[in-house]
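For the sequence shown, position 197 (counting from the first letter as 1) is numbered 272 according to this note's numbering, and the numbering increases by one without interruption.
Take a look at the structure below.
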Amino acid sequence: MTRAQSIATLRLSAGVLVVGVLLTGCTATGTGAGSGGAAGGLSGVGRLPAPASAWPSAQFDARHSSATTATGPQTANLRWLRDLGGSVTPGPVIGVDGSILAATNAGVLHALDPETGEDRWVFDGGSGYGSDLSTSPAVLGDGIILWPGPRSALFALDRSGRPIWTEKFAGDVLSPAIAGRNRVYVADLTGHLAALEVTATGHRRVWTLDLGGVDYASPSVGADGTIYTAIEKQLIAVRDTGVAGVIRWRFETTKRIEVSSAVSESGIVVLGTNNDHEYGVRSDGSRAWQLPIHDYTYSSSTVRPDGTAYFADNSGRVRTVDSSTGRVIRTIAPVAPAKEHAWTSIVVDARADTYWGSMTGTVYGYDGNGNRLFALAVDSGVSSYPALGADGTLYVGTVGGLLYAIGAS
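Rendered as structure tokens:
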């Protein structure tokens with residue numbers, strides 16, 4: 076999504092290790108069920124592959140489930156702090172060798188040692204980004220890294236940072252979604268959705284579908300293989316036939332959508348909009364529920380395997396909701412009297428503890444009962460989607476260019 080950035084005053088705690096920069100080298104439209112194709116699609120696509128690492132892609136997997144088995148930090152202890160020399164709006168992920176893969180708006184991807192924050196390697200995409208997007212790389216099981224880099228390019232790198240191939244798109248590339256059968260779905264800002272077949276020896280573009288508008292939503296994938304993305308005011312469901320993408324239905328809202336959806340294991344798609352409501356949409360395109368949240372949202376939803384959904388709004392409220400019914404289980408209000416502007420997705424650990432950042436410059440941790448674990452003041456606003464390591468370290472980037480590693484020493 077695109078976002079205006081605000082830089083807060085530098086606030087660093089004494090005793091934190093700060094590592095310097097080291098560069099090395101179509102269908103009917105409506106709010107009910109739409110037409111345009113049978114449910115599901117290419118056999119096996121909905122069965123997501125086993126995660127390649129502790130946090131291999133944006134929001135953990137193609138359903139945006141945050142389904143990690145790790146338990147997150149209980150305090151705001153900083154293990155290290157790294158200046159990456161450019162705004163860390165893109166979200167970090169974790170490679171198969173444990174490297175923290177973190178990009179900056181300067182168009183540079185860093186692979187960092189998780190113990191020290193120092194570079195293992197650096198790949199320069201050749202220019203900065205043309206827009207301000209919270210995108211993340213995706214890591215495949217064989218270690219290949221798919222990075223939505225600058226110049227409207229998807230870069231494939233091996234685990235040591237060597238380029239393998241590059242696929243060009245019509246616009247800035249959003250976070251890839253890894254599905255089954257070597258399928259990867261990629262959307263771009265101009266509203267094109269593509270299916271790629273990626274193997275250890277190469278790739279091919281299987282199909283491209285023009286959705287007809289601006290797309291800020293990285294694809295998500297349901298259990299039946301349906302792909303979900305959004306353009307303008309519409310949530311769109313797409314079926315992969317194996318040789319083409321076919322629009323199944325469009326779900327219309329009243330204002331622009333600038334976030335990605337998440338999909339429950341039962342098929343409910345949870346999506347925020349700029350019309351002060353969060354939606355639950357069934358797999359047939361009919362509305363399951365509509366929840367007033369009284370502000371717009373730049374926070375992409377997360378739905379855990381048990382069906383619990385988590386999302387934030389621009390006032391800083393974080394809600395826990397039953398994705399089947401829209402019933403609010405818990406609301407965490409912002410600490411500050413002013414708006415917190417929570418723009419990140421919510422990381423949920425194996426205990427149901429939650430973690431996120433705010434554009435006012437705070438990283439929060441709360442336990443599964445809604446009790447605050449910590450509130451860490453950071454140098455500037457947080458719009459980067461966080462990642463959680465296997466050892467429980469939380470990785471959070473800031474618009475000021477710093478990457479924080481928060482966890483036990």
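Note that the Cβ used here is the ideal one computed from N, Cα and C, for glycine as well.
Values in this document were obtained by computation on a predicted structure and should not be read as measured data.
Tell me the DSSP secondary structure of residue i in three-state form.
{"i": "I253", "result": "strand"}
{"i": "Q365", "result": "strand"}
{"i": "Y291", "result": "coil"}
{"i": "Q309", "result": "strand"}
{"i": "L187", "result": "strand"}
{"i": "E242", "result": "strand"}
{"i": "G357", "result": "According to the sequence provided, residue 357 is Arg. The question's Gly does not apply to it. Of the three classes helix, strand and coil, the one that applies to R357 here is coil, per DSSP."}
{"i": "A145", "result": "coil"}
{"i": "A462", "result": "strand"}
{"i": "D172", "result": "coil"}
{"i": "D194", "result": "strand"}
{"i": "G260", "result": "It is worth fixing the name first, because residue 260 is Tyr in this sequence and not Gly. Correct three-state label for Y260: strand."}
{"i": "G440", "result": "strand"}
By how many angstroms is the C-alpha of residue j removed from the C-alpha of residue i?
{"i": "T406", "j": "F386", "result": "10 Å"}
{"i": "V338", "j": "E307", "result": "20 Å"}
{"i": "L153", "j": "Y354", "result": "36 Å"}
{"i": "A151", "j": "L451", "result": "6 Å"}
{"i": "Y430", "j": "P126", "result": "21 Å"}
{"i": "W196", "j": "D466", "result": "22 Å"}
{"i": "D285", "j": "V273", "result": "21 Å"}
{"i": "G320", "j": "G297", "result": "15 Å"}
{"i": "R392", "j": "A408", "result": "5 Å"}
{"i": "V410", "j": "I220", "result": "38 Å"}
{"i": "D217", "j": "A275", "result": "7 Å"}
{"i": "R122", "j": "V318", "result": "19 Å"}
{"i": "L469", "j": "S458", "result": "15 Å"}
{"i": "V396", "j": "I332", "result": "20 Å"}
{"i": "S211", "j": "R402", "result": "30 Å"}
{"i": "G432", "j": "D442", "result": "15 Å"}
{"i": "G347", "j": "A252", "result": "19 Å"}
{"i": "D388", "j": "H416", "result": "7 Å"}
{"i": "S341", "j": "G160", "result": "42 Å"}
{"i": "L448", "j": "A483", "result": "14 Å"}
{"i": "G476", "j": "A178", "result": "10 Å"}
{"i": "D233", "j": "A270", "result": "20 Å"}
{"i": "A142", "j": "I302", "result": "19 Å"}
State the start and end residues of the unbroken beta strand (DSSP E) segment that holds residue i.
{"i": "V396", "result": "V393 to D397"}
{"i": "L123", "result": "Premise fails: L123 is in no beta strand (DSSP E) and is neither H nor E."}
{"i": "V344", "result": "V344 to G347"}
{"i": "L320", "result": "According to the sequence as given, residue 320 is Gly; it is not Leu. G320 to E327 is the span of the beta strand (DSSP E), which, as asked, contains G320."}
{"i": "V248", "result": "V248 -> no beta strand (DSSP E), and no H or E assigned at all."}
{"i": "Y385", "result": "T383 to A387"}
{"i": "S433", "result": "T429 to S433"}
{"i": "E415", "result": "Unbroken run through E415: none, as it is neither H nor E."}
{"i": "W130", "result": "First-last for W130: undefined, no H or E at that position."}
{"i": "R154", "result": "L153 to D158"}
{"i": "Y479", "result": "L477 to I481"}
{"i": "D454", "result": "Here D454 belongs to no beta strand (DSSP E), and DSSP marks it neither H nor E."}
{"i": "T274", "result": "H267 to T274"}
{"i": "R237", "result": "Note, R237: premise wrong, no beta strand (DSSP E); not H, not E."}
{"i": "G224", "result": "I220 to G224"}
{"i": "H278", "result": "G277 to D285"}
{"i": "V471", "result": "L469 to G472"}
{"i": "V487", "result": "Residue 487 lies beyond the residue range present for the chain, which begins at 76 and ends at 484; the question has no answer from this structure."}
{"i": "Y373", "result": "That residue, Y373, is in no beta strand (DSSP E); it is neither H nor E in DSSP."}
{"i": "V163", "result": "Here V163 belongs to no beta strand (DSSP E), and DSSP marks it neither H nor E."}
Would you mind working out which of the options sits nearest residue i, comparing C-alpha positions?
{"i": "D315", "options": "Y260, G218 and V356", "result": "Y260"}
{"i": "N349", "options": "G255, V183, L310 and S202", "result": "L310"}
{"i": "D351", "options": "S335, W364 and I368", "result": "I368"}
{"i": "G266", "options": "R256, N257 and G288", "result": "G288"}
{"i": "T329", "options": "V344, Q365, G300 and S295", "result": "Q365"}
{"i": "V163", "options": "T395, R392 and T419", "result": "T419"}
{"i": "S567", "options": "P165, V403 and L249", "result": "For the chain, the structure presents residues 76 to 484; residue 567 sits outside this window and is missing."}
{"i": "D199", "options": "N257, D397, R237 and L477", "result": "R237"}
{"i": "R357", "options": "V318, T377 and T400", "result": "T400"}
{"i": "S128", "options": "P167, I302 and R122", "result": "P167"}
{"i": "I343", "options": "G320, D381, A319 and I322", "result": "D381"}
{"i": "A186", "options": "W222, D217 and T301", "result": "W222"}
{"i": "D194", "options": "A275, D158, V453 and S132", "result": "D158"}
{"i": "V183", "options": "P189, G192, G224 and L156", "result": "G224"}
{"i": "G255", "options": "G300, I220, L229 and E190", "result": "G300"}
{"i": "S293", "options": "A312, W282 and H278", "result": "A312"}
{"i": "D359", "options": "W324, S390 and A270", "result": "W324"}
{"i": "P461", "options": "P124, I169 and L117", "result": "I169"}
Would residue i pass as an interface residue toward chain D - the criterion being a Cβ-Cβ separation below 7 Å?
{"i": "V471", "result": "Reference to chain D is not applicable here, since this structure consists of a single protein chain."}
Inter-stretch contact at 8 Å, needing at least 3 Cβ pairs: the segment 146-162 / the segment 420-433: yes
Three-pair Cβ contact test at 8 Å for the segment 124-143 versus the segment 430-449: no
The segment 366-383 touching the segment 173-188, judged by at least three CB pairs closer than 8 Å: Contact between the segment 366-383 and the segment 173-188 is absent, because fewer than three Cβ pairs lie under 8 Å.
Three or more C-beta pairs below 8 Å linking the segment 235-243 and the segment 199-211: no
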